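Numbering (the numbering used here), first residue to last: 570 to 963.
We treat Cβ as the ideally placed atom computed from N, Cα and C, and that holds for glycine.
As the structure is a computational prediction, the values presented were derived from the model and not from experiment.
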């Protein structure tokens with residue numbers, strides 16, 4: 570959402586894929602005419618002589634929606650488009666309400682703009698749009714695929730401090746959890762007293778997901794790879810206080826004070842996976858996204874966690890908000906299954922929305938199963954033991 574706008578299409582129209590290579594986009598890029606029509610519905614400062622033409626100065630390479638920086642009425646704003654099969658207007662308004670709540674408590678999120686009718690969402694046919702102020706700071710990781718590790722330990726430590734402040738600000742946000750859907754995350758299964766029954770309810774409520782896994786041995790895979798861990802994690806989670814979290818905390822959802830290795834976090838954005846979960850669930854997401862080079866796992870099958878980055882992120886977090894013994898114990902147990910519900914929603918997205926069998930297979934085998942299976946190996950076990958030792962020291 571920030572940075573020097575070298576061209577509207579810095580990757581020649583390609584976007585980040587499930588691996589390291591750039592791929593053809595699932596969604597059409599923005600045109601100037603499209604964003605001009607959308608922005609005409611929003612309130613802008615009335616500047617004498619300001620052009621009402623729209624110019625797309627940079628297109629985001631993120632793959633599952635369409636985003637762009639747009640120059641309009643003497644301002645640069647960030648416009649994002651979602652298909653209604655992925656995001657509903659109601660869910661988007663929840664994200665905007667959460668963003669407003671956080672901004673009122675000092676969090677550096679870009680403001681969500683309102684239409685002339687007071688709404689924050691525009692719907693045109695099968696697409697919905699949101700418009701944000703341009704984020705402050707340097708979008709240092711914007712051309713790096715999501716979930717790449719931090720480029721410095723100082724960045725990891727700063728991200729930990731910022732996440733703790735985010736959690737403090739979010740603590741009393743009272744909206745109930747969002748219902749499961751495409752590209753959503755939750756703790757409905759991993760904190761359940763009956764995980765198998767909860768998985769069954771999810772499949773029954775999501776016909777698209779049911780179709781996507783119909784040729785899979787879902788129940789057997791779930792019982793083999795996930796159930797033993799959930800049976801340990803769920804009681805620990807249920808002993809903690811639930812609250813809203815970011816849901817997707819990693820370097821490229823943050824902006825930075827400079828391009829230096831010592832930069833601190835300047836801004837936070839993308840609440841698309843935010844939900845009512847637990848502090849340690851959100852912290853586990855941050856560790857999973859940022860301390861294991863998952864994109865190398867497919868090619869080498871042997872990647873190790875960056876334990877120094879793990880400690881840097883957690884040390885930064887605990888500088889602001891110390892974790893107690895119960896939270897640290899829960900963190901080590903929930904980490905191998907923290908991705909589970911989002912992984913299933915990603916399977917549904919690829920199979921039902923964009924009709925990519927290859928990516929649906931990768932989301933199921935490499936993500937839903939593969940990430941949990943990695944923790945059974947030497948590198949994953951070393952990470953979990955590292956977290957257990959940290960809990961014992963506490």
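With 16 other Cβ atoms within 10 Å as the buried cut-off, status of residue i
{"i": "residue 793", "result": "exposed"}
{"i": "residue 774", "result": "exposed"}
{"i": "residue 845", "result": "buried"}
{"i": "residue 906", "result": "buried"}
{"i": "residue 928", "result": "buried"}
{"i": "residue 763", "result": "exposed"}
{"i": "residue 643", "result": "exposed"}
{"i": "residue 634", "result": "buried"}
{"i": "residue 708", "result": "buried"}
{"i": "residue 600", "result": "exposed"}
{"i": "residue 755", "result": "buried"}
{"i": "residue 659", "result": "exposed"}
{"i": "residue 951", "result": "exposed"}
{"i": "residue 776", "result": "exposed"}
{"i": "residue 622", "result": "exposed"}
{"i": "residue 946", "result": "exposed"}
{"i": "residue 617", "result": "Residue placement at residue 617 is flagged as unreliable, the pLDDT there being 44, under the threshold of 50; the coordinate-derived value follows with that caveat. Residue 617 is exposed by the Cβ-count criterion."}
{"i": "residue 668", "result": "buried"}
Nearest neighbour of residue i, chosen from the options [CA to CA]
{"i": "residue 860", "options": "846, 883, 664", "result": "883"}
{"i": "residue 691", "options": "722, 740, 674, 605", "result": "605"}
{"i": "residue 594", "options": "662, 609, 628", "result": "628"}
{"i": "residue 832", "options": "731, 956, 961", "result": "731"}
{"i": "residue 958", "options": "900, 592, 920", "result": "900"}
{"i": "residue 761", "options": "786, 803, 745", "result": "803"}
{"i": "residue 607", "options": "931, 934, 624", "result": "624"}
{"i": "residue 706", "options": "849, 962, 835", "result": "835"}
{"i": "residue 917", "options": "643, 597, 655", "result": "655"}
{"i": "residue 862", "options": "949, 902, 709, 674", "result": "949"}
{"i": "residue 767", "options": "799, 930, 632, 665", "result": "799"}
{"i": "residue 850", "options": "827, 816, 823, 866", "result": "816"}
{"i": "residue 990", "options": "820, 818, 613, 742", "result": "It is not possible to answer for residue 990, since the shown part of the chain is limited to 570 through 963."}
{"i": "residue 781", "options": "926, 903, 756, 838", "result": "926"}
{"i": "residue 827", "options": "724, 866, 736, 737", "result": "724"}
{"i": "residue 718", "options": "935, 821, 952, 664", "result": "821"}
{"i": "residue 801", "options": "667, 703, 904, 603", "result": "904"}
{"i": "residue 908", "options": "921, 939, 889", "result": "939"}
{"i": "residue 955", "options": "622, 785, 856", "result": "856"}
{"i": "residue 661", "options": "682, 645, 646", "result": "682"}
{"i": "residue 889", "options": "960, 854, 737", "result": "737"}
{"i": "residue 722", "options": "626, 879, 645, 622", "result": "879"}
{"i": "residue 823", "options": "678, 759, 592, 666", "result": "678"}
{"i": "residue 703", "options": "648, 712, 858", "result": "648"}
{"i": "residue 854", "options": "825, 902, 960", "result": "902"}
{"i": "residue 632", "options": "592, 795, 944", "result": "592"}
{"i": "residue 987", "options": "805, 819, 769", "result": "No information on residue 987 is available, as it lies outside the stretch 570 to 963 that the chain covers here."}
Spatial distance of residue i from residue j (CA atoms)
{"i": "residue 650", "j": "residue 923", "result": "15 Å"}
{"i": "residue 739", "j": "residue 813", "result": "6 Å"}
{"i": "residue 891", "j": "residue 842", "result": "24 Å"}
{"i": "residue 684", "j": "residue 864", "result": "40 Å"}
{"i": "residue 753", "j": "residue 911", "result": "6 Å"}
{"i": "residue 852", "j": "residue 695", "result": "34 Å"}
{"i": "residue 686", "j": "residue 653", "result": "21 Å"}
{"i": "residue 881", "j": "residue 913", "result": "30 Å"}
{"i": "residue 611", "j": "residue 639", "result": "13 Å"}
{"i": "residue 672", "j": "residue 729", "result": "19 Å"}
{"i": "residue 885", "j": "residue 734", "result": "11 Å"}
{"i": "residue 636", "j": "residue 877", "result": "33 Å"}
{"i": "residue 765", "j": "residue 829", "result": "47 Å"}
{"i": "residue 915", "j": "residue 779", "result": "13 Å"}
{"i": "residue 840", "j": "residue 714", "result": "18 Å"}
{"i": "residue 962", "j": "residue 596", "result": "49 Å"}
{"i": "residue 931", "j": "residue 613", "result": "43 Å"}
{"i": "residue 716", "j": "residue 771", "result": "26 Å"}
{"i": "residue 790", "j": "residue 797", "result": "12 Å"}
{"i": "residue 933", "j": "residue 866", "result": "15 Å"}
{"i": "residue 583", "j": "residue 873", "result": "30 Å"}
{"i": "residue 518", "j": "residue 921", "result": "Any property of residue 518 remains undetermined from this structure, which presents the chain solely from 570 to 963."}
{"i": "residue 1018", "j": "residue 665", "result": "With the chain running from 570 to 963 in the structure shown, residue 1018 is simply not present."}
{"i": "residue 745", "j": "residue 935", "result": "31 Å"}
{"i": "residue 712", "j": "residue 786", "result": "37 Å"}
{"i": "residue 858", "j": "residue 875", "result": "12 Å"}
Residue i at chain B interface by Cβ criterion, 9 Å
{"i": "residue 747", "result": "Among the protein chains of the structure shown there is no chain B, as only one such chain exists."}
Counting Cβ pairs closer than 8 Å, one from the stretch 745-754 and one from the stretch 885-897, do we hit at least three?
Cβ pair count under 8 Å is below three, so no.
Does the stretch 692-712 touch the stretch 803-812, meaning 3 or more C-beta pairs lie closer than 8 Å?
Touching, no, given that fewer than three Cβ pairs across the two stretches are closer than 8 Å.
Return the chain-ordered ranges of every alpha helix (DSSP H) run that is complete within the stretch 786-821 and spans a minimum of 4 residues.
Runs of the alpha helix (DSSP H) inside the stretch 786-821: 787-790, 796-807.
Contiguous alpha helix (DSSP H) assignments of at least 4 residues, all confined to the stretch 615-684:
658-673
Can you list, in chain order, the stretches of the beta strand (DSSP E) that have 3 or more residues and sit fully within the stretch 686-729?
Secondary structure within the stretch 686-729: the beta strand (DSSP E) runs of 3 or more consecutive residues, fully enclosed, are 691-693, 696-702 (chain order).
Whole alpha helix (DSSP H) runs in the stretch 823-853 with 4 or more residues, listed along the chain?
Counting only unbroken stretches of 4 or more residues, no alpha helix (DSSP H) element lies wholly within the stretch 823-853.
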